[in-house]
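If you count by my numbering, then the sequence shown holds residues 24 to 354, one letter each, in order.
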Amino acid sequence: MSTLILMVPKELYAFIQKQQKNGASEDDTVRLLRDNGWSKEDIADGLTAVAEGHLPDAQIGERVPLVPPEDLLRQTYIVIKKHIKPVLGVVVIFEVVLIILQMLAQTQPALSVLNQGGNLSVLSIIVSIFIILVSLGIQTVTALAILSIVEKETTIQEALATSLSKLTMGWTIVSLILFAVVGGIVLLVVPGVMIGVWLLFALFVMFDQHLNVFESFIQSRELTRGYWWALAWRIVILSILLGLINVGVDLVVSLLSQSVSYTDEFVLDMIISSVASVFTYPTSMIFILQLYKDIKEKNPVEDVGNTNFKWIVVALAGIGILSLFYSLSTI
């Protein structure tokens, strides 16, 4: 029976080969690779490939396993530690903007019925949708700035300039994904979950490969082909960790809010939630970035051309928008 030999990245193969030529021990090589975020499995495959003297190919019909969740988390920690100052700086800037936006929204008469349980006017619905879209825009700029800092080693100023230059496409991608997932959930939940995983890497593809909105959707779909369950499991692990942090935040707010007014409780909740987001948002972004880089390497996609998948996304997004309007109008 033939043994499955995993694909080895060329840069990993070349580094191990160079280390051996320089007389470095295997332990030193492994330590350096681990410090730079390589998983134990990748390192073992690389050492085997160099020992055999050639780059192995994956056995036809077999899927190359993705990096385990624990290694993804470790890689995420290493990346955050390396870029912690500029990444946290960017996130703090936009969290402050979001806090200001939320406080302004609470003071607008058009939205006052949201707190009174009355019927929303058309103006209230429009303003609500506008606030959602502006919030998505702010989160998109933050995400793109984080990608710029991590992938291009840019300063905060350069990262902001890069993210703003890509804002239109990034915002369109994020908005369509959100509404498509909502639309899919309206259609018996399962389509929403499926489309969410399929489009997981669309923003990363746009940033990395400079594709347009629909090309990014198609490329993300192709990248995830054959890996849906593996990706979903890793996202579940990430969601559980972030969920535990949010539970902790809720407990803190609950304890502190017992002796304050409703207004003070709202402000307190915003501030503490924003502090938590300073850590959870970059963690989720960089975790998915590491996952994207791994699957891009192990499941390379050739030019797939034009497909009908983009129209599925548009249709689901349309359903999501209509359902959102309906939900707001019945509050």
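The beta-carbon is built from N, C-alpha and C at its ideal position, and this holds for glycine as well.
>> Quick check on L314 - is its C-beta less than 8 Å from some C-beta in chain D?
In response: Looking for chain D here will not work: only one protein chain is present.
> In terms of alpha-carbon separation, which member of G207, Q125 and T247 lies closest to V337?
Replying inline: Locating residue 337 in the sequence shown gives position 314, where the first residue counts as 1. That would be G207, whose Cα lies nearest to the Cα of V337.
>> Can you check which of these residues, S300, S307 and Q313, is closest to V120 by C-alpha distance?
In response: Within the sequence shown, residue 120 is the residue found at index 97, counting from 1. Closest by alpha carbon: S300.
>> Output needed for V236: all residues of its chain with C-beta closer than 6 Å, excluding positions within five of it in sequence on either side, in chain order.
In response: Start at 1 with the first residue of the sequence shown, and residue 236 comes out as number 213. The residues are M192, T195 and I196.
>> Using 8 Å for Cβ pairs, my map puts A340 next to A203. What's the rounded Cβ distance?
In response: As a first step, residue 340 is located in the sequence shown; it is residue number 317 there, counting from the start. As a first step, residue 203 is located in the sequence shown; it is residue number 180 there, counting from the start. Contact holds; Cβ gap of about 4 Å.
> How many angstroms separate the CA atom of P305 from the CA atom of I116?
Replying inline: For the purposes of this step, residue 305 is taken as the residue at position 282 of the sequence shown. For the purposes of this step, residue 116 is taken as the residue at position 93 of the sequence shown. Cα-Cα distance, rounded: 13 Å.
> Start and end of the alpha helix (DSSP H) containing K63?
Replying inline: To locate residue 63, count along the sequence shown from 1; it is residue 40. Start and end: K63 to E75.
> What do you get for W221, buried or exposed, if any count of 16 or more other CB atoms within 10 angstroms of its CB means buried?
Replying inline: Start at 1 with the first residue of the sequence shown, and residue 221 comes out as number 198. Burial call: buried.
>> Tell me the DSSP secondary structure of V87 in three-state form.
In response: As a working note, residue 87 is residue 64 in the sequence shown. Three-state DSSP puts V87 in coil, outside helix and strand.
> What do you get for T185, buried or exposed, if any count of 16 or more other CB atoms within 10 angstroms of its CB means buried?
Replying inline: Counting from 1 along the sequence shown, the entry for residue 185 is found at position 162. Counting Cβ neighbours within 10 Å, T185 comes out buried, since at least 16 surround it.
>> Measuring straight from C-alpha to C-alpha, what distance separates Y349 and G343?
In response: Along the sequence shown, one-based indexing puts residue 349 at 326. Along the sequence shown, one-based indexing puts residue 343 at 320. Cα to Cα, Y349 sits roughly 10 Å from G343.
>> For L314 and P88, I'd like the C-alpha separation in whole angstroms.
In response: Here residue 314 refers to the residue found at position 291 when the sequence shown is read from its first residue. Here residue 88 refers to the residue found at position 65 when the sequence shown is read from its first residue. For L314 and P88, the distance between alpha carbons rounds to 12 Å.
>> Quick check: the Cα distance between A182 and I258, rounded to an integer number of angstroms?
In response: Within the sequence shown, the letter at position 159 stands for residue 182. Within the sequence shown, the letter at position 235 stands for residue 258. Approximately 26 Å between the Cα atoms of the pair.
> In this structure, does DSSP put G341 in helix, strand or coil?
Replying inline: In the sequence shown, the residue the question calls residue 341 occupies position 318. Three-state result, G341: helix.
> Going by C-alpha distance, which of F240, L190, M293 and L170 is nearest T99?
Replying inline: Numbered from its first residue, the sequence shown carries residue 99 at position 76. With distances taken between Cα atoms, T99 lies closest to L170.
> What is the DSSP secondary structure of L211, reduced to helix, strand or coil?
Replying inline: The sequence position of residue 211 within the sequence shown is 188, counting from 1. Residue state, collapsed to three classes: coil.
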